[in-house]
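Asker:
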Amino acid sequence: MSKVPSHQSVSGKLWRADGAVSAAVFETWDFLKRRHSAYATFLERFRLRGVRRVFVDLLDDAVTFGVIASFVLLAYALPPFSGTGDVWNRGREYAVTFTDAQGEIIGRRGIRQDDAIPLADISPYMIKAVLATEDARFFEHFGVDVIGTFRAIVQNARANDVVQGGSSLTQQMAKNLFLSPERTIRRKVHEAFLSLWIEARLTKEEILKLYLDRSYLGGGAYGIEAASQFYFGKSARDLKLPEAAMLAGLFKAPTRFAPHNNLALARARANTVLYRMLDSGFITQGELLEARREPAAVIAQSIADSPNWFLDWAYRDTLRVIDEKGLAGDFVLEVQTTINLPLQTAAQNIINEELALNGEPYHVSQAAAVVMAPDGAVKAIVGGKDYEASQFNRATDALRQSGSSFKPFVYMAALLKGYSPEDKVVDGPVSVGNWSPKNYSNKYKGHTTLSDALAHSYNSIPVKLMIDIGRSAIIETAHMAGIKGELETWAPMVLGTSALSLMDLTTGYIPFASGGFPAEPYAVLEIRRSNGDILYQRDEQERMPPRRVFPEEKVAELNTMMSAVVKSGTGRRADLSFAPQGGKTGTNQGYRDAWYIGYTGHYVTGVWYGNDDFTPMKEVTGGLIPAPTWKRIMAEAERGLQPIGLAGVPYDETYAAAAAELPAVQGPLASDERDQAAGAAIAAAAPEEDVNSVLTGMFDLFEAAPSAAAIAAAKASASKTASQEALVLPKANVDQPENSRRKNRILEQIFGGDEGRDQPKRKKKKKKTLFDSIF
0 MSKVPSHQSV SGKLWRADGA VSAAVFETWD FLKRRHSAYA TFLERFRLRG
50 VRRVFVDLLD DAVTFGVIAS FVLLAYALPP FSGTGDVWNR GREYAVTFTD
100 AQGEIIGRRG IRQDDAIPLA DISPYMIKAV LATEDARFFE HFGVDVIGTF
150 RAIVQNARAN DVVQGGSSLT QQMAKNLFLS PERTIRRKVH EAFLSLWIEA
200 RLTKEEILKL YLDRSYLGGG AYGIEAASQF YFGKSARDLK LPEAAMLAGL
250 FKAPTRFAPH NNLALARARA NTVLYRMLDS GFITQGELLE ARREPAAVIA
300 QSIADSPNWF LDWAYRDTLR VIDEKGLAGD FVLEVQTTIN LPLQTAAQNI
350 INEELALNGE PYHVSQAAAV VMAPDGAVKA IVGGKDYEAS QFNRATDALR
400 QSGSSFKPFV YMAALLKGYS PEDKVVDGPV SVGNWSPKNY SNKYKGHTTL
450 SDALAHSYNS IPVKLMIDIG RSAIIETAHM AGIKGELETW APMVLGTSAL
500 SLMDLTTGYI PFASGGFPAE PYAVLEIRRS NGDILYQRDE QERMPPRRVF
550 PEEKVAELNT MMSAVVKSGT GRRADLSFAP QGGKTGTNQG YRDAWYIGYT
600 GHYVTGVWYG NDDFTPMKEV TGGLIPAPTW KRIMAEAERG LQPIGLAGVP
650 YDETYAAAAA ELPAVQGPLA SDERDQAAGA AIAAAAPEED VNSVLTGMFD
700 LFEAAPSAAA IAAAKASASK TASQEALVLP KANVDQPENS RRKNRILEQI
750 FGGDEGRDQP KRKKKKKKTL FDSIF
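Those letters in the sequence shown? Residues 0 to 774, by numbering that gives the first Met the number 0.
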């Protein structure tokens, strides 16, 4: 007989647990059945039958499907809008008014907008005209005008066309601020949602003010104050009834009804607004008739006298300052700039006159100029011939090969390595790999000084200096001077093959004028809100000279060399005579670009000539047109200023005497003014027949063949001079064996030495251009 499980055994515990679970399930089920029975008994009291049952079922289904539809509508139509942050300025553009240092307005950029006029100061005619035209029940609805919407539906159905809009003023503002102008049902639903959101957060007056300030009204003007100034030349405070009606008519279709585009259509639309004001009770019949008899007159618009090239760059500089100083949040700004407006106007006129005079003969169609103070303050920018024809700014945005105008950075790098202006060097053949740059006539000066080499723009000397000091030293020097553009690292870069903008290259010359201090070009002096509050002012720390990058004595040495360019070299046509100055001409491969960059103690100025399509000019070098243009611009810039000296080139009585009587006409260009880049063949800057006559005269001096004894004596003398005076460049001045030297020309026989060295005679090949060579 089996035993009953003990209470303490495992099996006994399992039996007890099973019993407890079974009892709990039974009791729970029994409880639910009793509750259900009680609930059913209770509902029997409310059981509906017949028509009442049908009605309740329909209502129940409607509520159910309505809730589902509401969730679907929210998922479909709720705009992607968080409502956080500065929501009222989402996507807003800047409206910048520029002035000169005296506060005179010189132009505007960005959008035209002015939100500084309080709503209470706006002409009552303007407010009434807008309400009558856009939303007569604005102060009565909650953001969506249900009555107005149904009325518009009825009117449009009767006319079988869209003759009335159903959107309230709040809905229109929601569209302007947050939505696109697409005509879709989804956008209309977005408008409704956002209108309710706006009405919950702003008063009616605040909504109306935003609408009047942010709506586009044609001509680039946003808001009634900017539009009033643009079309009528007056503030919105002073608008009369006809003018207010014309502006109110622009809200519907600003481009179509803009009075500067179609005055007749704008006046017709203004008449429609007047009749709506009459229907709304805002004006009397007499006021309407008087407004129609004397319609609004629109002022003429012109950008001819606006310094647009400068304004474009000043706007970019303004955005830079806003970003760097964290000035976000204000969008209507007044910016005081560094411009010298008379100089800007004069520079543009000079450029246009030179192009008119030389454009056809020399096949040159465009030019640019930049004038800066040594602290970087930009005084004038000429970006081309005609802003209305082309807005591309050739002074700040065009990247062109700088040619020999890059050479001063090579010589500065050499000076920093221990060279001096009077060091003797040899202008002779030199090769880097397969590249062998030559001077224009395949002749060389022979023994010369660094100063003379820069003045006459010899090509072999910068290449030999590069071999000696290295390309990295030259690139570093250019960047220290202020060059921001990317510089090439191949050998021809020393002759100006890197593409730079005129602004960038001119900035690089600033340390030469300032005694070794670089500077960043800038145009912004002060930024104010539209109400006059100062947001930014160029402080003393920014005005202080930065760290000196070049020792003053080295700058002085380079300035003596750059002064020689003007006094006796390729830049003679830029000589002001009355002030210490320095400068350098530049001509790139194939006459595609011609430059002159120069400076005085007051200004650093760059001039460029060329063609937009990169077609070659007709033998235009930096000394032919850019240098005289620079001289004319700088004569205007220096007008009324006391000349000051440069490091190494002090102002003395010779300049004062020259100022008393300036030469009226410059002499013809000499053959050494034909500076070249990368070994390209650059023709003479003066007319061809003049050069031929000069060269013929030179060779006439040597028509009689010299005796052998004379040749031997000349060779011995030249060899002795070379051994005593020529600077030994460790890697560049390498003599070839005597048997490899050939003297094929009379001038080479006279001068002798390394400068007459030529390669062994080979089969004549077609001359290679710079870019045919492989390094």
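Here a beta-carbon is modelled for each residue, glycine too, at the ideal position from N, C-alpha and C.
Where L249 and N339 are concerned, what is the direct C-alpha to C-alpha distance, given to the nearest angstrom?
Answerer: By one-based count along the sequence shown, residue 249 stands at place 250. By one-based count along the sequence shown, residue 339 stands at place 340. If I take the Cα positions, the gap works out to 37 Å.
Asker: Considering only their Cβ atoms, is the gap separating R547 from G515 smaller than 8 Å?
Answerer: Here residue 515 refers to the residue found at position 516 of the sequence shown. Here residue 547 refers to the residue found at position 548 of the sequence shown. Result yes, Cβ atoms of G515 and R547 sit closer than 8 Å.
Asker: What are the complete alpha helix (DSSP H) segments, minimum 4 residues, inside the segment 167-244?
Answerer: Here the runs fully enclosed are 168-177, 184-200, 203-213 and 223-231.
Asker: Please name the residue in A191, G621 and V565 whose C-alpha comes closest to that of A366.
Answerer: Residue 366 sits at position 367 when you count from the first residue of the sequence shown. Taking only the C-alpha atoms, the option nearest A366 is G621.
Asker: If you draw a straight line from the alpha carbon of L29 to that of G18, how long is it in whole angstroms?
Answerer: Position 30 of the sequence shown, counted from the start, is the residue given in the question as residue 29. Position 19 of the sequence shown, counted from the start, is the residue given in the question as residue 18. Reading off the sequence, residue 29 comes out as Asp, not Leu. One C-alpha to the other measures close to 16 Å.
Asker: Would you identify the three-state DSSP class for T283, choosing helix, strand or coil?
Answerer: Walking along the sequence shown from the start, residue 283 turns up at place 284. In this structure, T283 counts as coil in the three-state DSSP scheme.
Asker: Hey, is the segment 562-574 in contact with the segment 614-630, meaning 3+ C-beta pairs nearer than 8 Å?
Answerer: Short answer: they touch.
Asker: Tell me whether the beta-carbon of L318 lies closer than 8 Å to the beta-carbon of R528.
Answerer: As a working mapping, residue 318 is identified with position 319 in the sequence shown. As a working mapping, residue 528 is identified with position 529 in the sequence shown. Contact flag unset, no.
Asker: List, from N- to C-terminal side, the alpha helix (DSSP H) runs of 4 residues or more that fit wholly inside the segment 603-649.
Answerer: Entirely contained in the segment 603-649, the alpha helix (DSSP H) runs reaching 4 residues are, in chain order, 625-636.
Asker: Would you kindly work out how many angstroms separate the C-alpha atoms of I482 and D651, rounded to a whole number?
Answerer: Within the sequence shown, residue 482 is the residue found at index 483, counting from 1. Within the sequence shown, residue 651 is the residue found at index 652, counting from 1. Roughly 32 Å between the two C-alpha positions.
Asker: How about E487 and A578: do their beta carbons lie closer than 8 Å?
Answerer: As a working note, residue 487 is residue 488 in the sequence shown. As a working note, residue 578 is residue 579 in the sequence shown. Contact flag unset, no.
Asker: Whether or not the segment 248-263 and the segment 209-223 are in contact is what I'm after, with contact meaning three or more pairs of Cβ atoms, one per stretch, closer than 8 Å; do they touch?
Answerer: They touch, by the three-pair rule.
Asker: Is the number of C-beta pairs between the segment 105-119 and the segment 218-228 that are closer than 8 Å three or more?
Answerer: These segments touch.
Asker: Closer than 6 Å by C-beta to P407: which residues in its own chain qualify, once you throw out the five before and the five after it? Chain order, please.
Answerer: Translated into the one-based positions of the sequence shown, residue 407 becomes position 408. Same-chain partners within the cutoff: K583.
Asker: Taking the Cβ atom as the reference point for each residue, do L168 and Y221 lie within a distance shorter than 8 Å?
Answerer: Here residue 168 refers to the residue found at position 169 when the sequence shown is read from its first residue. Here residue 221 refers to the residue found at position 222 when the sequence shown is read from its first residue. The answer is no: Cβ separation not under 8 Å.
Asker: Considering only residues of the same chain and omitting the five flanking positions on each side of S567, which have a CB-CB separation below 7 Å?
Answerer: The sequence position of residue 567 within the sequence shown is 568, counting from 1. A454.
Asker: Is the beta carbon of R91 less than 8 Å from the beta carbon of F330?
Answerer: For the purposes of this step, residue 91 is taken as residue 92 along the sequence shown, with counting starting at 1. For the purposes of this step, residue 330 is taken as residue 331 along the sequence shown, with counting starting at 1. Yes, the pair counts as a contact, with Cβ atoms nearer than the cut-off.
Asker: Whole angstroms are fine: how far does the CA of A346 sit from the CA of A593?
Answerer: One-based indexing of the sequence shown puts residue 593 at position 594. One-based indexing of the sequence shown puts residue 346 at position 347. Rounded to whole angstroms, A593 to A346 spans 17 Å at the Cα level.
Asker: Using three-state DSSP, classify A721 as helix, strand or coil.
Answerer: Sequence index remark: in the sequence shown, residue 721 carries index 722 (1-based). Confidence is the limiting factor: at A721 the pLDDT is only 39, short of 50, which leaves the residue's position unreliable, though a coordinate-based value still follows. Correct three-state label for A721: helix.
Asker: Does the separation of the CB atoms of V603 and Y595 fall below 8 Å?
Answerer: Reading the sequence shown from its first residue, position 604 is the one you call residue 603. Reading the sequence shown from its first residue, position 596 is the one you call residue 595. Cβ distance not < 8 Å, so V603 and Y595 don't count as in contact.
Asker: On the CB-based measure, 16 or more other CB atoms within 10 Å of its CB, does V71 come out buried or exposed?
Answerer: Taking the first residue of the sequence shown as 1, we reach residue 71 at position 72. With fewer than 16 Cβ atoms within 10 Å of its Cβ, V71 is classed as exposed.
Asker: Less than 8 Å between the C-beta atoms of A518 and D374, yes or no?
Answerer: The count along the sequence shown starts at 1 and reaches residue 518 at position 519. The count along the sequence shown starts at 1 and reaches residue 374 at position 375. Cβ atoms of A518 and D374: closer than 8 Å.
Asker: Roughly how many whole angstroms lie between the Cα atoms of A37 and F149?
Answerer: Sequence index remark: in the sequence shown, residue 37 carries index 38 (1-based). Sequence index remark: in the sequence shown, residue 149 carries index 150 (1-based). Whole-angstrom Cα-Cα distance: 52 Å.
Asker: Here's a check: name, in chain order, each residue in its chain whose Cβ is nearer than 6 Å to the Cβ of V272, leaving out the five neighbours to either side.
Answerer: Sequence index remark: in the sequence shown, residue 272 carries index 273 (1-based). A128, T132, A244, A247 and G248.
Asker: Threshold first: 4 residues or longer. Then list the alpha helix (DSSP H) segments lying entirely within the segment 526-597, N to C.
Answerer: You should have 539-542 and 551-567.
Asker: Which class does Y521 belong to by DSSP, given the choice of helix, strand or coil?
Answerer: To locate residue 521, count along the sequence shown from 1; it is residue 522. Note: Y521 maps to strand in three-state DSSP.
Asker: I need the DSSP call for L42, collapsed to helix, strand or coil.
Answerer: Taking the first residue of the sequence shown as 1, we reach residue 42 at position 43. Of the three classes helix, strand and coil, the one that applies to L42 here is helix, per DSSP.
Asker: Hey, would you say H446 sits closer than 8 Å to K423, going by beta carbons?
Answerer: On the sequence shown, position 447 is the one that residue 446 refers to. On the sequence shown, position 424 is the one that residue 423 refers to. Their beta carbons are under 8 Å apart, which means H446 touches K423 by this criterion.
Asker: Thinking just about the alpha-carbon of each residue, which of I624, D532, M502 and P625 is nearest to the one in M371?
Answerer: Reading the sequence shown from its first residue, position 372 is the one you call residue 371. Closest by alpha carbon: M502.
Asker: Which of the three DSSP states is assigned to T505 in this structure?
Answerer: For the purposes of this step, residue 505 is taken as the residue at position 506 of the sequence shown. The answer is helix: DSSP assigns T505 an H, G or I state.
Asker: Express the C-alpha separation of P510 and Q400 in angstroms, rounding to a whole number.
Answerer: Numbered from 1 along the sequence shown, position 401 holds the residue referred to as residue 400. Numbered from 1 along the sequence shown, position 511 holds the residue referred to as residue 510. Looking at the two C-alpha atoms, the distance is approximately 21 Å.
Asker: Rounding to the nearest angstrom, what Cα-Cα distance links G597 and I460 in this structure?
Answerer: Here residue 597 refers to the residue found at position 598 of the sequence shown. Here residue 460 refers to the residue found at position 461 of the sequence shown. Each residue's alpha carbon lies about 21 Å from the other.
Asker: Would you kindly check if the distance between the Cβ of L195 and the Cβ of G147 is under 8 Å?
Answerer: Reading the sequence shown from its first residue, position 148 is the one you call residue 147. Reading the sequence shown from its first residue, position 196 is the one you call residue 195. No; because the gap between Cβ atoms is not below 8 Å, this pair is not in contact.
Asker: Assuming P420 contacts S456 (C-beta within less than 8 Å), just tell me the rounded distance between them.
Answerer: Looking up residue 420 in the sequence shown gives position 421. Looking up residue 456 in the sequence shown gives position 457. Incorrect: roughly 15 Å between the Cβ atoms, too far for contact.
Asker: Between D385, F549 and S305, which has its C-alpha nearest G106's C-alpha?
Answerer: In the sequence shown, residue 106 corresponds to position 107, counting from 1. Minimum Cα distance to G106 is reached at S305.
Asker: Which first and last residues belong to the beta strand (DSSP E) in which G109 is found?
Answerer: Indexing the sequence shown from 1 puts residue 109 at position 110. That run of the beta strand (DSSP E) goes I104 to G109.
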